[in-house]
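Q: Going left to right, the sequence shown walks through residues 2 to 736 as our numbering numbers them.
No residue lacks a Cβ here, since even glycine has one placed at the ideal position from N, Cα and C.
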Amino acid sequence: MPNAAKPADPRVESLLARMTVEEKVGQLGVFADMVRPFAPDVNPENNVRNAGEVLEQVRAGRVGSLFNGVGAAQGREIQRVAVEESRLGIPVILAADVIHGMRTVFPIPLGEAASFEPELAYRTARATAIEATAAGIHWTYAPAVDIARDQRWGRGAEGAGEDTFLGCAFAAARVRGFQGADLRAADSLLATPKHFVGYGAVAAGMEYNYVEIAEGTLRDVHLPPFKAALDAGALAVMTAFNDINGVPASANHALLTGLLREQWGFPGVVVSDYTADMELVAHGYAADDRDATLRAFSAGMDMSMQSGFYAAHLPALVESGQVPMAALDAAVRRVLELKAAVGLFDDPYRSLDPARESDVSQLPAHEALARDAARRSIVLLRNEADVLPLRGGQRIAAIGPFVRDRDNIEGCWTLFGDKTRYVTLEEGLRAGLPAGSTLEVVDGCGLEAPLEGGIEAAVAAARAADVVLLAVGEPQRYSGEAQSRTRIVIPPAQQALAEAVAATGTPVVVLLRNGRALALEGAVRDAAAILVTWFLGSQTGHAVADVVYGGYSPSARLPVSFPHDSGQQPFFYNHPRTGRPETPEMSEFKARWREHPNTALYPFGHGLGYARIEYGPTAVSAPVLDWDGTLEVRATVRNAGTRAVEEVVQLYLHDRVGSRVRPVRELKGFRKLELQPGESREVVFALSRAQLAFTRADVSHGAEPGAFDVWIAPSSVAGAPARFELLPPQDAARG
Ligand code: BGC
């Protein structure tokens with residue numbers, strides 16, 4: 002891409018000089034790839050073209066990019082038409098939604114964020130890129146880096162949860178993993194942080210809804226993961242469907258041009274979300290199709306996905322002078338530079354090699370990674386009387402609609418997973434069954450409806466068992482795009498099953514299937530043990546068995562707060578302080594609900610392993626932090642248990658007085674470390690002014706002198722803080 006370090010590709014300028022307006026506009030069009038097998042359930046009503054028409058458009062130079070088709074051989078044929086049969090021979094770039102795996106499916110991104118291991122996300126993204134590029138894909142519409150503070154919203158499953166610091170770490174790791182070290186390599190998959198911006202803040206968690214957001218919240222919470230992704234080298238950004246304070250994100254000049262291009266210096270391509278330019282009319286922000294085109298393009302949207310609006314209206318807008326030719330050229334230049342950056346002008350058949358596709362279709366290393374990633378994503382919320390791990394010699398009843406299920410394993414946005422390789426819970430539990438244990442499997446109910454005789458069979462199995470593994474939760478289609486919920490609970494038929502099984506008195510271990518934080522109720526909430534298993538992907542059954550039978554001690558932590566009740570949403574741990582916090586001293590006139598305390602049932606950062614970890618007090622190296630200085634924060638953690646575990650040590654900060662009301666706590670660091678039985682480790686974090694910065698009342702970014710609390714703790718609510726003071730610059734100067 003053009004930047005100070007790298008000169009523009011001369012082939013790009015030479016092409017630009019020869020292109021007609023129609024050919025230029027053609028480069029800005031992204032259309033469904035109807036030539037190759039296409040993921041049929043994605044927006045089917047808009048896929049009106051057929052394969053012949055699409056190829057004809059490629060031949061005519063009217064297509065810059067195709068998306069969501071798959072296959073190297075047919076991809077090669079598309080490219081051959083573009084390169085050999087179009088007038089200027091400009092290659093197309095082939096894109097797809099490859100979000101958390103290709104043939105091998107890894108945990109949903111929210112689940113993987115629970116690992117608190119960005120390095121793991123790097124590795125799964127790398128593996129995903131290897132498989133996707135082998136299948137003839139150059140470009141993924143991922144990672145989703147939206148911060149989801151409202152669990153009613155279904156697309157939280159695609160991101161890294163409610164916290165910005167964690168979100169930034171995962172955004173950057175995923176970009177690096179997809180793209181690899183060399184963008185031109187055959188296994189480099191171009192990344193696209195999305196959806197720019199504020200999509201996770203839709204009102205009431207309702208998909209596609211409006212966003213009304215304070216400037217400071219936008220800047221401090223929702224924008225940083227995009228910046229982190231771009232700093233990690235992402236060269237494309239996808240716009241969001243929502244408006245922001247009245248201006249649709251996809252026609253938002255202040256954000257797309259003012260911030261992204263001018264302030265951040267983003268050199269890459271801005272691609273619309275699916276028909277987002279068309280939707281400006283429905284928003285009531287554009288009078289008609291032509292007006293929508295003008296507004297989206299003028300705001301800074303380079304590529305238009307699927308609406309065909311740019312093809313239909315940009316030439317006339319250029320002709321009339323409403324869109325300057327220079328602006329059109331700038332957008333086309335960015336698209337061509339993107340193609341140059343990924344090596345398509347040197348080798349248009351890059352990543353379109355059928356031999357490589359068959360070699361890479363099933364890699365044992367990717368299966369092993371999928372299993373490890375899955376077990377590293379499982380969160381143990383509760384473990385009364387150490388019911389987990391199960392010991393050998395037990396009679397186990399595995400009950401619930403997910404035990405044998407194969408259709409709710411992959412999670413949302415998995416278009417190309419190889420379902421024949423998915424390991425069900427039953428398969429995994431049987432494969433790992435300890436010697437002397439028995440396993441009985443009963444469905445008990447359907448995902449949403451009771452089964453004739455289901456509860457009776459489940460109760461009989463529970464009675465005959467020493468322990469029940471109860472696999473309940475959300476069907477897969479409850480999360481992902483367009484899947485907002487008003488009540489984030491388990492479907493009633495499953496809850497009824499849980500109540501009946503619990504009433505037998507046999508200890509219950511819940512294996513929760515979920516694409517968001519849930520409000521757990523009744524017997525599910527009160528079960529002896531609860532494992533949050535999200536949608537774990539291909540190796541689901543083996544990963545759960547590893548944890549349940551003790552081969553792996555759970556090491557994940559919640560990236561989203563589990564509330565007491567749906568009505569608490571939006572609920573997130575790092576909320577601003579109120580004037581009437583809920584403290585024991587205050588009367589009933591305080592910030593709380595009538596029915597529930599103003600807390601999480603299980604907070605962000607919470608998770609247990611198979612050993613108790615003790616935290617010593619948090620200490621700071623000095624009571625003051627000079628304006629340009631650093632401070633060390635330290636604590637000793639000790640494994641008081643009898644087996645090695647991994648602990649996620651978390652650093653939280655609170656600014657005690659600010660020009661804007663500050664969050665009660667904010668994550669500023671984390672470290673996952675392995676602790677042997679009895680082992681103690683001192684954990685040290687460095688703090689400097691940069692980590693204390695926020696968007697101040699005057700909208701400038703920076704820290705404010707004054708007192709801060711700091712915690713090294715096992716969750717966002719645990720521990721007692723140490724305190725220090727950030728000195729103002731003049732005090733530091735005085736010494
Ligand atoms: C989604 C995007 C996705 C696009 C292309 C849209 O509906 O919002 O996340 O990349 O479709 O499939």
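Leaving out the 5 sequence neighbours to the left and right, which residues in its chain are closer than 6 Å to alanine 122 when beta-carbon positions are compared?
A: Residue 122 sits at position 121 when you count from the first residue of the sequence shown. Hits under 6 Å: Glu113, Phe171, Ala174 and Arg175.
Q: Report yes if the CB atom of serine 189 is closer than 8 Å to the CB atom of threonine 240, and no otherwise.
A: On the sequence shown, residue 189 is found 188 positions in, with the first residue counted as 1. On the sequence shown, residue 240 is found 239 positions in, with the first residue counted as 1. Cβ distance not < 8 Å, so serine 189 and threonine 240 don't count as in contact.
Q: Assuming serine 299 is part of the alpha helix (DSSP H), what are its boundary residues?
A: For the purposes of this step, residue 299 is taken as residue 298 along the sequence shown, with counting starting at 1. Looking at the DSSP string, the run of the alpha helix (DSSP H) that includes serine 299 is 290-300.
Q: So if DSSP puts glycine 679 in a beta bridge, which residue, or which two residues, is it bridged to?
A: Here residue 679 refers to the residue found at position 678 of the sequence shown. Its beta-bridge partners do not exist; DSSP assigns none.
Q: What does DSSP give as the partner residue(s) for isoleucine 400 in the beta ladder?
A: As a working note, residue 400 is residue 399 in the sequence shown. Partner(s): Val443 and Leu471.
Q: Let me check one thing: in DSSP terms, what residues is lysine 195 bridge-paired to?
A: Locating residue 195 in the sequence shown gives position 194, counting from the first residue. Answer is Ala145, bridged to lysine 195.
Q: Quick check on DSSP: helix, strand or coil for isoleucine 456?
A: Taking the first residue of the sequence shown as 1, we reach residue 456 at position 455. Note: isoleucine 456 maps to helix in three-state DSSP.
Q: Taking only heavy atoms of the ligand BGC into account, decide whether any of them is closer than 7 Å to the Cβ of glutamate 482.
A: Position 481 of the sequence shown, counted from the start, is the residue given in the question as residue 482. Yes.
Q: Rounded to whole angstroms, what's the CA-CA distance from alanine 529 to leucine 512? Just pull it up for me.
A: Counted from its first residue, the sequence shown places residue 529 at position 528. Counted from its first residue, the sequence shown places residue 512 at position 511. Distance between the alpha carbons of alanine 529 and leucine 512: 11 Å.
Q: Looking only at C-alpha atoms, which of Val533, Arg697, Gln75 and Glu675 sits nearest to valine 662?
A: Residue numbering aside, residue 662 sits at position 661 when the sequence shown is read from its first letter. Of the candidates Val533, Arg697, Gln75 and Glu675, the one whose C-alpha sits nearest the C-alpha of valine 662 is Arg697.
Q: Give the straight-line distance between the Cα atoms of asparagine 44 and aspartate 290, rounded to the nearest whole angstrom.
A: Your numbering for residue 44 matches position 43 in the sequence shown. Your numbering for residue 290 matches position 289 in the sequence shown. Residue placement at asparagine 44 is flagged as unreliable, the pLDDT there being 47, under the threshold of 50; the coordinate-derived value follows with that caveat. Near 20 Å, if we compare the C-alpha coordinates of aspartate 290 and asparagine 44.
Q: Within the same chain, show all residues whose beta-carbon is closer than 6 Å to that of threonine 105, passing over the 5 residues directly before and after it, in chain order.
A: Position 104 of the sequence shown, counted from the first residue, corresponds to residue 105. For threonine 105, where only same-chain residues beyond five positions count, the Cβ hits under 6 Å are His367, Ala371 and Ser539.
Q: Threonine 415 to histidine 254, Cα distance in whole Å?
A: The sequence position of residue 415 within the sequence shown is 414, counting from 1. The sequence position of residue 254 within the sequence shown is 253, counting from 1. Approximately 33 Å, taken between the alpha carbons.
Q: For glycine 707 versus arginine 657, is the C-beta distance shorter than 8 Å?
A: The residue you call residue 707 lines up with position 706 of the sequence shown. The residue you call residue 657 lines up with position 656 of the sequence shown. Yes. Within cutoff.
Q: Can you tell me whether phenylalanine 671 is helix, strand or coil according to DSSP?
A: As a first step, residue 671 must be located in the sequence shown, where it is residue number 670. Here phenylalanine 671 sits in strand by DSSP.
Q: In chain order, what residues of the same chain have a beta carbon less than 8 Å from the beta carbon of leucine 318, not counting five sequence neighbours either side?
A: Position 317 of the sequence shown holds residue 318. Excluding positions up to five away in sequence, the list reads Arg291, Thr294, Leu295, Phe298 and Val324.
Q: Figure out for me which residue from His607, Ala461 and Tyr311 has the closest Cα to the Cα of glycine 506.
A: Along the sequence shown, read from residue 1 onward, the residue named residue 506 stands at position 505. Residue Ala461 is the option with its Cα nearest to glycine 506.
Q: Per DSSP, serine 305 forms a beta bridge with which residues?
A: For this step, residue 305 is matched to residue 304 along the sequence shown. Its beta-bridge partners are Gly30.
Q: Give the straight-line distance between the Cα atoms of leucine 261 and glycine 160, rounded to the nearest whole angstrom.
A: Indexing the sequence shown from 1 puts residue 261 at position 260. Indexing the sequence shown from 1 puts residue 160 at position 159. Cα-Cα distance, rounded: 21 Å.
Q: Measure the Cβ-Cβ separation of valine 747 and threonine 541 and say whether it is below 8 Å.
A: The question about residue 747 has no answer, for the chain in this structure spans 2 to 736.
Q: Does the beta-carbon of serine 273 have 16 or more other beta-carbons within 10 angstroms, so that it is buried, or is it exposed?
A: What you label residue 273 is simply residue 272 of the sequence shown in a count that begins at 1. The residue in question, serine 273, is buried, as its Cβ has 16 or more Cβ neighbours within 10 Å.
Q: With contact counted as at least three CB pairs below 8 Å, one residue from each stretch, are the segment 322-342 and the segment 560-574 in contact?
A: No, the segment 322-342 is not in contact with the segment 560-574.
Q: Assuming contact is defined by CB atoms lying nearer than 8 Å, are glutamine 80 and leucine 353 in contact in what I supplied?
A: What you label residue 80 is simply residue 79 of the sequence shown in a count that begins at 1. What you label residue 353 is simply residue 352 of the sequence shown in a count that begins at 1. Yes. Within cutoff.
Q: Would you grab the beta carbon distance between arginine 335 and valine 270 for me? Rounded to a whole angstrom, and I think it's under 8 Å.
A: Start at 1 with the first residue of the sequence shown, and residue 335 comes out as number 334. Start at 1 with the first residue of the sequence shown, and residue 270 comes out as number 269. Indeed they touch by this definition, with Cβ atoms about 5 Å apart.
Q: In chain order, what residues of the same chain lie with their CB nearer than 8 Å to the CB of leucine 728, ignoring the 5 residues before and after it?
A: On the sequence shown, residue 728 is found 727 positions in, with the first residue counted as 1. Here the set comprises Val625, Leu626, Asp627, Trp628 and Pro706.
Q: Among the residues of its own chain, which have a CB less than 7 Å from the CB of asparagine 51, if the five just before and after it don't count?
A: Position 50 of the sequence shown holds residue 51. Closer than 7 Å at Cβ, skipping near neighbours: Met35.
Q: Going along the chain, which unbroken runs of the beta strand (DSSP E) with 3 or more residues stay wholly within the segment 357-435?
A: Here the runs fully enclosed are 380-384 and 396-400.
Q: Could you give the C-beta distance for valine 212 and alanine 204, rounded to a whole number, given that I count them as a contact under 8 Å?
A: The count along the sequence shown starts at 1 and reaches residue 212 at position 211. The count along the sequence shown starts at 1 and reaches residue 204 at position 203. Yes, they are in contact, since the Cβ atoms of valine 212 and alanine 204 sit about 7 Å apart, within 8 Å.
Q: Report whether the distance from the Cβ of methionine 207 to the nearest heavy atom of the ligand BGC is below 7 Å.
A: The residue you call residue 207 lines up with position 206 of the sequence shown. Flag unset: Cβ of methionine 207 not near the ligand BGC.
Q: If we count the other Cβ atoms within 10 Å of its Cβ and call it buried at 16 or more, is aspartate 387 buried or exposed?
A: Position 386 of the sequence shown holds residue 387. By the neighbour-count rule (16 or more Cβ atoms within 10 Å), aspartate 387 is not buried but exposed.
Q: Rounded to the nearest angstrom, what separates serine 717 and alanine 499 at their Cα positions?
A: Walking along the sequence shown from the start, residue 717 turns up at place 716. Walking along the sequence shown from the start, residue 499 turns up at place 498. Distance between the alpha carbons of serine 717 and alanine 499: 30 Å.
Q: Can you find a CB in chain C that lies within less than 8 Å of the CB of arginine 595?
A: Protein chains in the displayed structure number just one, and chain C is not present.
Q: For valine 26, I'd like the list of residues in its chain whose CB is within less than 7 Å of its CB, leaving aside the five on either flank, ordered along the chain.
A: Here the question's residue 26 lines up with position 25 in the sequence shown. Cβ within range, chain order: Tyr311, Ala312, Leu315 and Pro316.
Q: Hey, valine 634 and isoleucine 713 are a contact pair by Cβ (cut 8 Å); roughly how many whole angstroms apart?
A: Here residue 634 refers to the residue found at position 633 of the sequence shown. Here residue 713 refers to the residue found at position 712 of the sequence shown. With 8 Å as the limit, valine 634 and isoleucine 713 qualify as a contact, their Cβ atoms being about 6 Å apart.
Q: Less than 7 Å between the CB of phenylalanine 68 and some heavy atom of the ligand SAH, yes or no?
A: In the structure shown, the ligand SAH is absent; the only ligands present are the ligand BGC.
Q: Nearest to histidine 655 by alpha carbon, out of Ala694, Thr637 and Ala623?
A: Against the sequence shown, residue 655 aligns to sequence position 654. For the residues Ala694, Thr637 and Ala623, the minimum Cα distance to histidine 655 belongs to Ala694.
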